[in-house]
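Beneath this line is the structure, given in structure tokens, with notes to follow.
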Amino acid sequence: MLPLRPVLSILACLVAVAPIVGQSKQRARALGEVQQSDGKPWVGVKVVLVSARIPLAIGVLPEADIDTVEAVTDARGRFRADVLRNRAYAAWAVGEPGRDGGCRRTTVAENVLAGAPCLLREDPKRSFAHRIRFRRVDGWAERAPLRVRLLYGGTKHKQTLEMPLGDEGEFTVPPLPGERFSTVIVGKVGPPILMDRANRVSTKASHSVRVRDLPKPRVRSIEVRCGDTGKGVAAKLYVQFNGGLLLPLGQTEASGIGEVVVPDTQFTSVAYFADAAGYCMGNAHPGESQFVTDKTWAQLRPGKSPDFHANLEKGQAMDLQVLLGPDAPADRLVLEIAGTSVHRFRPNSRSLGFYTRLVRTDEQGRVSIGGVAADAKRFAANAELSAAHCAKLPAEWRDRVHPGIHGLLDRALAQKTRGRAVVDLSTWCPVQFELRDPEGLPASGARIWPLRTDLGYWGAEVDGPLVDRNGRLFMLVDPEVETMLLFAKGDAALAKRLVVDRTVRAAPARVSVRLPEPVRLTGVVLGKNGKPAAGMTLWRYIGWNGLEQVDDPADEPSRAPAVAAAKHSEVRLCAPTVLQRRSLLSFWMSRTSTMVTDKAGRFEFRVPPVPMRYTIHGTRSFLGLFQERVNHSFSFDGKSAPKLELVTR
702 MLPLRPVLSI LACLVAVAPI VGQSKQRARA LGEVQQSDGK PWVGVKVVLV
752 SARIPLAIGV LPEADIDTVE AVTDARGRFR ADVLRNRAYA AWAVGEPGRD
802 GGCRRTTVAE NVLAGAPCLL REDPKRSFAH RIRFRRVDGW AERAPLRVRL
852 LYGGTKHKQT LEMPLGDEGE FTVPPLPGER FSTVIVGKVG PPILMDRANR
902 VSTKASHSVR VRDLPKPRVR SIEVRCGDTG KGVAAKLYVQ FNGGLLLPLG
952 QTEASGIGEV VVPDTQFTSV AYFADAAGYC MGNAHPGESQ FVTDKTWAQL
1002 RPGKSPDFHA NLEKGQAMDL QVLLGPDAPA DRLVLEIAGT SVHRFRPNSR
1052 SLGFYTRLVR TDEQGRVSIG GVAADAKRFA ANAELSAAHC AKLPAEWRDR
1102 VHPGIHGLLD RALAQKTRGR AVVDLSTWCP VQFELRDPEG LPASGARIWP
1152 LRTDLGYWGA EVDGPLVDRN GRLFMLVDPE VETMLLFAKG DAALAKRLVV
1202 DRTVRAAPAR VSVRLPEPVR LTGVVLGKNG KPAAGMTLWR YIGWNGLEQV
1252 DDPADEPSRA PAVAAAKHSE VRLCAPTVLQ RRSLLSFWMS RTSTMVTDKA
1302 GRFEFRVPPV PMRYTIHGTR SFLGLFQERV NHSFSFDGKS APKLELVTR
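All residue numbers for the sequence shown refer to our numbering, where the first residue is 702 and numbers rise by one.
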């Protein structure tokens, strides 16, 4: 599915949600049929349905967020399974091993919902078990016991299987559905040691053992200082791979000095962050500080300077409380915080960056966000409410789809008093979307990713709210939000500007959207020698600042046709538009797509038919010794897709 961020797009990596309570009361029946390759019913085969909410930052969410249901087909090849309401499942069937060890299997059906029938057909390829042995396991003895997580079951990796890694670093991969799987090596603490997405499901009988090397551990020294006084600061340290979620890494001492052990990875981007009470989140840059001298460090490590340094800027502490009503706190709610980080190069010089991390509210719905810069304007918090949270909302909302909440932290900043803010979601604007596919049928299983155009930034890892089997989605919208861009079905389909009337309160506004046909974006990747670059992983990014301006009279909200809405509210869908905003930084929407080139180096992405600017980034490694990379940006007019020819470097 993905790179690490965006892998890990990111793996990942990759929905910020709260654990669902009372699942047994929220189950409904899913129906399906399994057919053999000749079209006859497949009788007595075991069907597996899995719903896993795993962010790209593997290991952030507990195992309770994975729901697995098994069923067996009857004499007509049909099955029934009790699944959670409003949860998308991946479904497949795998038969018993034959004499040669191979297992018959079906294709993978994704986004299976309660009440929506699915059809599984036998895949002509069979799946075999094989072994993988990792070397250099001794280098990670401090994080033993090591464990292996296999993510498989479709492009979104809906299923996860965890097993111990033996003393010799060897484990057996069982027969899996789909074409590919990801291997994640984790220890008892710290970030993942390895995240490998280049594994193919074995379709040939083989007794050979695949040998891989774990990355070498590397000690990184980091010093954290107050940017104004130069004094050391005790701070929590985080690491970020390929722009994904921040992963806890360790902390510094009171002197501001700390050492952490991280894998010597080949990720395109590895960044370090420091967070301390009363300070803004800060980037740790390589090299020595340009305006702070440190005698303590010289005494600790004579003749050596820190690998990274962070000069933190003081900020106002931010405490947030989320309510679902006057006396109903949103307890244990997981929020994805997208905020601004600050780095001080010199006393009068600073740079801004962006980060995304997960926080969880306590029993009273409270959480401490950390220091907020005085000029920080680009903050957002997003989440998806669980069934227990929905039960605390107003009565007229309770029987609807789990609502997603957006723009929470920015709303809180506007209301803060002495660093404290209270947000009552029962006062937000309810909006019900109705999505249909290009044929006019309900877009069952689609997801919507709203982008706040007044913020110009969308968080890294939160998966969009799920549309139900009727193509409907109930969402709570911040009344301060003026416009949102909606991206539905990932690559395929929708980029519309939504103008929300702030007076909406009681009856939900209804917005009907028909998804357009996606456009096929094709190309080929060539190596330095001119030969096709087969097996290269490509990631497609959407450039926010790079969106193309559309000259369309319907872009004016006052001239756009209104869509069926409540009498006292007005919701308009307009032509795609772009804010003519310029900044010192380029903002990237993290909603990415990932694929691997075939033997001829060819690739294909499906993109919405709207003018937009894209960046395609790809990597390919050889025996872990060196890498080939490709990076190409281009503009798409929304009509004729260019045929791309990319050359590695």
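No residue lacks a Cβ here, since even glycine has one placed at the ideal position from N, Cα and C. This one's a predicted model, so the numbers in the text were calculated from it and none came from an experiment.
Length of the line joining the Cα atoms of residue i and residue j
i: Y1356; j: W841; result: This structure cannot speak to residue 1356, because the chain is shown only from 702 to 1350.
i: G1026; j: M1176; result: 16 Å
i: L950; j: P818; result: 44 Å
i: K826; j: E1037; result: 40 Å
i: G1040; j: M1237; result: 32 Å
i: I894; j: G888; result: 7 Å
i: G1066; j: D929; result: 34 Å
i: M1296; j: E880; result: 12 Å
i: Q736; j: T904; result: 20 Å
i: V749; j: G799; result: 20 Å
i: P1233; j: F1306; result: 18 Å
i: R1203; j: C1130; result: Confidence is the limiting factor: at R1203 the pLDDT is only 49, short of 50, which leaves the residue's position unreliable, though a coordinate-based value still follows. When rounded, the distance between both Cα atoms is 8 Å.
i: A906; j: A794; result: 20 Å
i: V1226; j: P964; result: 29 Å
i: A1088; j: W1098; result: 12 Å
i: T1349; j: V746; result: 46 Å
i: G957; j: F1335; result: 44 Å
i: V1308; j: I1317; result: 13 Å
i: L655; j: V1023; result: Nothing in the structure corresponds to residue 655, since the chain is present only between 702 and 1350.
i: L1034; j: Y1056; result: 20 Å
i: V770; j: M896; result: 27 Å
i: K917; j: T1320; result: 20 Å
i: D1169; j: L946; result: 28 Å
Assigned exposure category for residue i - 16 Cβ within 10 Å defines buried
i: E869; result: exposed
i: T1223; result: exposed
i: N1012; result: buried
i: S738; result: exposed
i: N812; result: buried
i: R919; result: exposed
i: N1332; result: exposed
i: G983; result: buried
i: M864; result: exposed
i: K1093; result: buried
i: V885; result: buried
i: V890; result: exposed
i: E1014; result: buried
i: K1344; result: exposed
i: V925; result: buried
i: S1437; result: The structure shown does not extend to residue 1437, since the chain is modelled only from 702 through 1350, so no value can be given for it.
i: G1141; result: exposed
i: D839; result: exposed
i: L664; result: Only positions 702 to 1350 of the chain appear in this structure, which leaves residue 664 out of reach.
Same chain, Cβ closer than 6 Å to residue i, neighbours up to 5 away in sequence not counted
i: R911; result: I833
i: A955; result: A935
i: Q1017; result: V1073, G1120
Collapsed DSSP secondary structure at residue i in the structure displayed
i: V1123; result: strand
i: V751; result: strand
i: G879; result: coil
i: W793; result: strand
i: A1342; result: coil
i: R1211; result: strand
i: G816; result: coil
i: D801; result: coil
i: L866; result: coil
i: R1358; result: Since the displayed the chain opens at 702 and closes at 1350, residue 1358 lies outside it and no answer follows.
i: E1329; result: strand
i: W743; result: coil
i: Q727; result: helix
Beta-carbon contacts of residue i that lie in its chain and below 8 Å, excluding the five residues immediately before and after
i: E871; result: R832, I833, R834, F835, V910
i: R728; result: D783, V784, L785, R786, A815
i: D1032; result: T1062, D1063, E1064, Q1065, G1066
Contacting residues, own chain, Cβ-Cβ under 7 Å from residue i (five flanking each side not counted)
i: R1121; result: D1020
i: G1172; result: E1135, L1136, R1137, P1143, A1144, S1145
i: D824; result: R806, T807, T808
i: A985; result: I923, Y973, F974, A975, F1009, H1010, A1011
i: F882; result: L851, L852, Y853, N900, V902
i: V1043; result: C981, G983, E1014, R1051, L1053, A1074
Subject >> Every unbroken beta strand (DSSP E) inside the stretch 1011-1053 [3 residues or more] >> reply: The qualifying runs are 1017-1026, 1035-1047.
**OP:** Pick out the complete beta strand (DSSP E) segments inside the stretch 900-968, 3 residues or longer, and give them in chain order.
**Re:** Along the length of the stretch 900-968, whole beta strand (DSSP E) runs at least 3 residues long occupy 910-914, 918-927, 937-942, 948-952, 958-964, reported in chain order.
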